[in-house]
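J.: Residue numbers (our numbering): 68 to 407.
In this text, a Cβ means the ideal position worked out from N, Cα and C, and glycines have one as well.
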Amino acid sequence: MKKIFALVLALVMVLGLTACGSKNQKAPSSDGSVSNSAGKIAVVFATGGLGDKTYNDSLYYGVKSICETMDLEFDYSEPMDAAEYEPLLRGYADAGDYDLIISLGFSQGTSVESVAPNYPDQNFMLIDAEVDCDNVACYAWRENELSYMVGVMAGMMTKTNIIGFIAAFDIYNCNMNAAGLTAGAKSVDPEIEVLVEYLQSWDDIAACKELAISMHNQGADIIYHAASTAGLGILEAGKELGFYTIGYDGNVNADAPETNFASAIRLFPVAAQHAINSALDGTFQGGVVSMGCAEKACEIQTEGSTVDISQEIWDAVNAAEDGIANGSISVPLTREEIQD
Numbered sequence: 068m069k070k071i072f073a074l075v076l077a078l079v080m081v082l083g084l085t086a087c088g089s090k091n092q093k094a095p096s097s098d099g100s101v102s103n104s105a106g107k108i109a110v111v112f113a114t115g116g117l118g119d120k121t122y123n124d125s126l127y128y129g130v131k132s133i134c135e136t137m138d139l140e141f142d143y144s145e146p147m148d149a150a151e152y153e154p155l156l157r158g159y160a161d162a163g164d165y166d167l168i169i170s171l172g173f174s175q176g177t178s179v180e181s182v183a184p185n186y187p188d189q190n191f192m193l194i195d196a197e198v199d200c201d202n203v204a205c206y207a208w209r210e211n212e213l214s215y216m217v218g219v220m221a222g223m224m225t226k227t228n229i230i231g232f233i234a235a236f237d238i239y240n241c242n243m244n245a246a247g248l249t250a251g252a253k254s255v256d257p258e259i260e261v262l263v264e265y266l267q268s269w270d271d272i273a274a275c276k277e278l279a280i281s282m283h284n285q286g287a288d289i290i291y292h293a294a295s296t297a298g299l300g301i302l303e304a305g306k307e308l309g310f311y312t313i314g315y316d317g318n319v320n321a322d323a324p325e326t327n328f329a330s331a332i333r334l335f336p337v338a339a340q341h342a343i344n345s346a347l348d349g350t351f352q353g354g355v356v357s358m359g360c361a362e363k364a365c366e367i368q369t370e371g372s373t374v375d376i377s378q379e380i381w382d383a384v385n386a387a388e389d390g391i392a393n394g395s396i397s398v399p400l401t402r403e404e405i406q407d
């Protein structure tokens, strides 16, 4: 797979607790001190916080690297509950000195929609949700495209012709992934069956593990997910029972190197860099910004895994990526489109 974007991982910082139970921290400069920078960025992470090895960590390391490179101050909060989203956003907006406030997660959509109109001069970036506010840029991934590439890879590696997919909830974003995975796998072999289950949680690792075991018992020899932190449960199940897994939103290959052969990555840093640049140079605009293969905003990573992926498989995945980017491959948004 072509290397599209390299994340420079930094040491995890010591996090400070606030009175409301959230965590806030300024990212230090290279010499360990907080710099007097040319701008300030704030992030309200999704519940679950840092250390999830997927959703939050991916954005954190990306924004931290960008801010260090551009000499920007970086403040962030880790809400423990969704009820904290709105007051945290209002707190950053009330400060009046942030060039960009970033909200991560579908569940923050209503909070951003409530807060943003009251601060028309404040730029907001919202990831994975869409609201109609002139000062909110909503970054949305065509997740079906990334999962189509995963489906091609899984379709070429399955021995049972049964692949499992665990989604956090029965929502549009998760179902896009199910559709892409199914279409990609069936492009390899129309007889491949894709099992789809909903976990009803973003962070219940134990429940996800049990669901993965159940899927494996139904014949699935490869299981993929779109369940954020909860998805780490498939890694545990795969390691214990010896079936293959595929991570999502963060490279978790090294956590199960013999069984997790790939991680599907939405490159949050690509979107964050775009939003930060526009906020700083005065070109920021509200609206939906769509990200996918054509924008080089997603990739499949195998670094950290010891599973051998043949060149034939890589050639097929790369061809799928190129076809999606140039429009010669159209990826469905729903599984119903495939069944029709």
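1. Between the stretch 245-252 and the stretch 273-283, do three or more beta carbon pairs fall short of 8 Å?
2. Could you tell me the distance, in whole angstroms, from the CA atom of VAL219 to the CA atom of ALA297?
3. Looking at the unbroken beta strand (DSSP E) that takes in GLY354, where does it start and where does it end?
4. Quick one: residues in its chain with C-beta nearer than 6 Å to the C-beta of SER170, no 5 flanking neighbours on either side, listed in chain order?
5. Could you please give the first and the last residue of the uninterrupted alpha helix (DSSP H) stretch that includes MET137?
6. From GLY106 to ASP195, what does the alpha carbon distance come to, in whole angstroms?
7. I need the straight-line Cα distance from CYS360 to MET243, nearest angstrom please.
8. Do GLN368 and SER330 have their CB atoms nearer than 7 Å?
9. In whole angstroms, what is the alpha-carbon distance linking LEU213 and GLY115?
10. Would you tell me roughly how many angstroms separate the C-alpha atoms of VAL261 and GLY231, rounded to the nearest one?
11. Would you report the Cα separation of TYR152 and VAL337, rounded to the nearest angstrom?
12. Rounded to the nearest angstrom, how far is the Cβ of THR401 from that of ALA246, given a contact under 8 Å?
13. Rank ALA364, TYR291, ASP270 and ALA339 by C-alpha distance to the C-alpha of ASN320 and give the top, closest one.
14. Between the C-alpha atoms of GLU362 and PRO324, what's the straight-line distance to the nearest angstrom?
15. On the DSSP bridge assignment, give the partners of THR312 in chain order.
16. What is the rounded straight-line gap between the Cα of ILE301 and the Cα of ASP138?
17. How would you call ASN211, buried or exposed, if buried means at least 16 neighbouring beta carbons within 10 angstroms?
18. So, for ALA387: in the same chain, excluding its five sequence neighbours on each side, which residues have a beta-carbon less than 8 Å away from its beta-carbon?
19. My assumption, with CB atoms under 8 Å, is that TYR122 sits in contact with ASP316. Please give the rounded CB distance.
20. Can you grab the Cα-Cα spacing for the pair MET147 / GLU258, in whole Å?
21. Where do the ends of the beta strand (DSSP E) carrying ASP142 lie?
22. What does the Cβ neighbour count give for THR350, buried or exposed, with the cut at 16 atoms within 10 Å?
23. How big is the Cα-Cα spacing for VAL263 and ILE233?
24. Indicate whether ALA364 and LEU334 have their beta-carbon atoms separated by less than 7 Å.
T.: Reading from the atomic positions:
1. no
2. Roughly 24 Å separates the two Cα atoms.
3. 354-358
4. Around SER170: VAL111, VAL179 and LEU193.
5. 122-137
6. 25 Å
7. 15 Å
8. At a Cβ-Cβ threshold of 7 Å, GLN368 and SER330 count as neighbours.
9. 24 Å
10. 6 Å
11. 24 Å
12. Right, their Cβ atoms sit about 5 Å apart.
13. TYR291
14. C-alpha separation (whole angstroms): 29 Å.
15. ILE290 and ASN327
16. 38 Å
17. buried
18. TYR215, MET216, VAL219, GLY251, SER254 and ILE396
19. 5 Å
20. 44 Å
21. 140-144
22. exposed
23. 6 Å
24. With contacts defined as CB atoms closer than 7 Å, ALA364 and LEU334 qualify as a contacting pair.
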